[in-house]
Every structure is written in structure tokens, then in C-alpha cells.
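Going by the numbering used here, the sequence shown opens with residue -10, and the numbers climb by one from there.
A short worksheet on the structure shown next.
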Amino acid sequence: MKFIKNYANTKGAEMLQEAGITVNGSNPWDIHIHNDNFFLRLLFYGTVALGESYVDGWWDVEKLDQFVYKLLDAKLVDHKSYTLQHPIAKILNKLRFLSPLFFNKQNKTQASKDVKYHYNIGNDLFEAMLDKRMNYSCAYWKNAKNLDEAQEAKLDMICKKLKLEPGMSVLEIGCGWGGFAKYAIEKYGVRVRGITLSENQRDYALKYCKGLNFQADIIDYREIQGQYDRVVSIEMIEHVGPKNYQEYFQVIDRCLKKEGLCLIQFDGKSESLHWNDVWIEKYIFPNTVTPSPKQITTAIENLFFIVDWEDFTKDYHTTMMEWDKNIDKNWETLKKNYDERFYRMWKFYLLYCPATALAKSQHLWQVVFQKTDSQQDYYRVDV
């Protein structure tokens, strides 16, 4: 075991050097190791051990996002399997990637459990982290000076791309805490029906939109009935899963009027995978998958045309860095309900994900769809 440990320490330090990272160095991205079993743990368990050992307090780094970016940029983390590029770690992670190919990990029962796991954590955490409208999705920073402005710009851009008009009916698949619904109703005079699987979100959204033309229901997207002028889904398709993409768009097709429009905002990847980052899936978003353009276009075949596709990946990094700042700013209050391990777990999530955007291993897209039999012309909106 001593030989293996020495090998792990030597090889691990060499791999980090390839990325420009020095163990116990002076740069903000240099790792400071507190447990001498750190590299041994990484050798056997790959990137999941990177996050777990951070939560356990085995290491620290001043700029976690820069540290992860350097790992990704140097190709030390496999973009396809999310494991460290070491033979042992890759072999031990192989079996995990077979499961999603044979099982529907986002069926109705599991989807409900997964949503509750994350979104029912506690509204106090999200109130401290998010903007005043409680938008838990990437903001649009083109002309914004702060998070509130950037989120409002995103909401307005969505409304304009959907060409909302007073009196229109809008279905929001994954309505969150009601941020989009309230903005669209107040600014554009529409009616919104939101669906979610989180009781916390449903109850909060109903209170937040009280007195407005808003309805919120606890229902799986596969069970939606009725027809609507517009459909919007903001960073919800990540919970759908590759085995269900086609059914997801069939539901939208069924619920969208002939001349209607649909907009989806989502985290995506340039290549088609059936799994997510190991650590993120285990501790933050169980059974989520970020779709590729190919997976989307295959799922919409004979149902929709794509009339607009916009990438604002750089804003994904900015948004999550702002969320991280807000958590730090409000931690004195939050720590009454959340312990130090939760804090480190949440920090790793908030700083690991934006690094994937910087490295372009993760993207942020907004896509507008129109039915294949629609007779309406669509002209792109400049914001």
C-alpha cells in the first residue's frame, strides 16, 4: 500500500503540474493539501473523489473555479466520462456509464424523488443566493450591471423571443418559484400555467404571484393536458433524460397551438452523452443529463423547426459566480440551518460548474421552436 500511495502522490503532482497547478504553491489556483491520502483517493475514485475530499476538508484552493478550469483545459479530466485521466480511475468508473443505456433513470417516480431532493432543500438558501425574482437559471449579462438586472434582461428576452401579447396563454414546464410567470403576466399581460414537482416551489410561486392570472400545479410534464399559445421551459430539460427527449417534445407538440412558439433554455454539451458529472449527479442533481444539439434535433424531427438558437455560455460562469458571492455574503445567517459540510458541498457545486463553462465543456443555449405545419413567419429578436 505504501508503494501505491507513493506512486499516487508522485503521479498526482506530475499531472497537476501539466495543468500549471503546483501543490501548496502561491498562485490562486494552486491546491493546498491537508491529507496525505488525497492523491490515493483520486487514483481509485476519480473526479467524484475530488469533490468528496473537498467537502471532507482534505484540500483547499483560493480560486476553485480557476483550479477546475485548468484541470479541464489541460484535458486532465475526461469530458466524456468525467473521470481523471488515469487508467485505474477510468476502469473503476466504467460500470456507472452502462446503467443509463439500459434503464430509464428519469421515469415518473424517480423524477419526482430527484426534484424533491434538490428543490425542497429550503427556500431560505435560494432566497439568499438568487436574485430578487428567484430565478434559478442563467442570467443575460450583455448590458447588465448586477444579478437583478441580468435576470430581468433574460426574462424580457424570453418574452420578446416568444412574441408574447396580452391575453395569450402560456404553459411553463418547470415554473420554479414563479419568477418568469410574474414578470410575463405583469409586463406582457399573459396568463400562465406553471407545473413543477416541488411542493416548495409550487407554494412559493402561488404566494409570489398572488392576485395574478397564474395557476401552478404539482404534475409530471407527461401528464399535461390542454392547449396553449406559448410554451416555455427554462433549464428543466436537464431533468428529462435522453430516453424521454422525444416524449417531452411530443407533449409540447400536443399542448402547443398550431401557430404557437416554444422556447427552451438549457445547459448543453456538444456531444451526446447519457450521464452527467459523477459528483454533481450524486450530491446536487440526481439523474440529470445535459442534452446535445444532436439529441435535441433528433427528438424534434417531424414535430418542430428551430427558428432561433442563441449561445450565451459566458453568462453561465458570471451567474454562478454571483450566486457564490451571495452565499458567502449571507452565510452568517444561513449557517443556523446548514453545517460546514453543506457549505463546502454547495461551494464546490457553485464553483465547479462555472469552470466547465469557461472550458467550453458545458454550454448555455436558448432555442425557439415552431411547429412544422405553422404558417407564421419568425423574425429573430435583437436584444
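Yeah, the Cβ is synthetic: ideal placement off N, Cα and C, and Gly gets one too.
Note that the structure is a prediction, hence the values are computed from the model and not measured.
Would you report the Cα separation of residue i and residue j, rounded to the nearest angstrom?
i, j, result
"Tyr327", "Asn24", "24 Å"
"Gln254", "Met225", "8 Å"
"Asp145", "Val296", "18 Å"
"Ser281", "Val240", "20 Å"
"Phe299", "Gln355", "Sequence check: residue 299 is Glu here, not Phe. Those two C-alpha atoms are separated by around 5 Å."
"Tyr341", "Ala63", "15 Å"
"Leu376", "Asn135", "Only positions -10 to 372 of the chain appear in the structure, and residue 376 is not among them; the question remains open."
"Ala(-3)", "Glu270", "26 Å"
"Glu310", "Leu339", "Checking the sequence shown, residue 310 turns out to be Met, not Glu. Looking at the two C-alpha atoms, the distance is approximately 7 Å."
"Val267", "Glu248", "41 Å"
"Gly111", "Ser187", "11 Å"
"Leu390", "Lys0", "In this structure the chain extends from -10 to 372, so residue 390 is not present and cannot be described."
"Gln377", "Gln365", "The first residue shown for the chain is -10 and the last is 372, placing residue 377 beyond what the model contains."
"Val12", "Leu5", "8 Å"
"Asp152", "Arg243", "In the sequence as displayed, the identity of residue 152 is Lys instead of Asp. Roughly 20 Å between the two C-alpha positions."
From the DSSP output, in three-state form, read off residue i for me.
i, result
"Leu160", "strand"
"Trp320", "helix"
"Phe274", "coil"
"Ile241", "helix"
"Asp209", "coil"
"Glu299", "strand"
"Lys365", "Per the sequence shown, the amino acid found at residue 365 is Gln instead of Lys. Of the three classes helix, strand and coil, the one that applies to Gln365 here is coil, per DSSP."
"Glu311", "helix"
"Leu340", "helix"
Where do the ends of the alpha helix (DSSP H) carrying residue i lie?
i, result
"Trp354", "Looking at the DSSP string, Trp354 is not in any alpha helix (DSSP H); the run it does join, the beta strand (DSSP E), is His352 to Lys360."
"Phe33", "Phe27 to Tyr34"
"Thr185", "No alpha helix (DSSP H) holds Thr185; the beta strand (DSSP E) holding it covers Arg180 to Thr185."
"Asp192", "Glu188 to Tyr197"
"Asp62", "Leu53 to Asp62"
"Lys176", "Gly168 to Tyr177"
"Pro282", "Pro282 to Ala288"
"Leu5", "Lys(-9) to Glu7"
For residue i, which residues does DSSP report across the bridge?
i, result
"Gly257", "His352"
"Gly249", "Answer is none; Gly249 lacks a bridge partner."
"Asp328", "DSSP, once it has assigned bridges, lists no residue as partnering Asp328."
"Gln204", "Arg182"
"Phe293", "Lys360"
"His21", "Asp49"
Leaving out the 5 sequence neighbours to the left and right, which residues in its chain are closer than 6 Å to residue i when beta-carbon positions are compared?
i, result
"Asp192", "none"
"Tyr305", "Cys127, Ala346 and Leu353"
"Lys258", "Thr279 and Ser281"
Which residues in the same chain as residue i place their Cβ atom closer than 7 Å to its Cβ, once the five residues preceding and following it in sequence are excluded?
i, result
"Met118", "Trp312, Asn315 and Ile316"
"Ile10", "Trp18, Asp19, Ile20, Phe56 and Lys59"
"Lys(-9)", "none"
Beta strand (DSSP E) containing residue i: first to last residue?
i, result
"Val220", "Tyr217 to Ile223"
Ignore the nearest five residues each way along the sequence and tell me which others in residue i's own chain have a CB closer than 8 Å to its CB.
i, result
"Phe115", "Met123, Tyr125 and Trp166"
"Ala194", "Cys164, Gly165, Trp166, Gly167, Ala170, Gly183, Thr185, Phe203 and Ala205"
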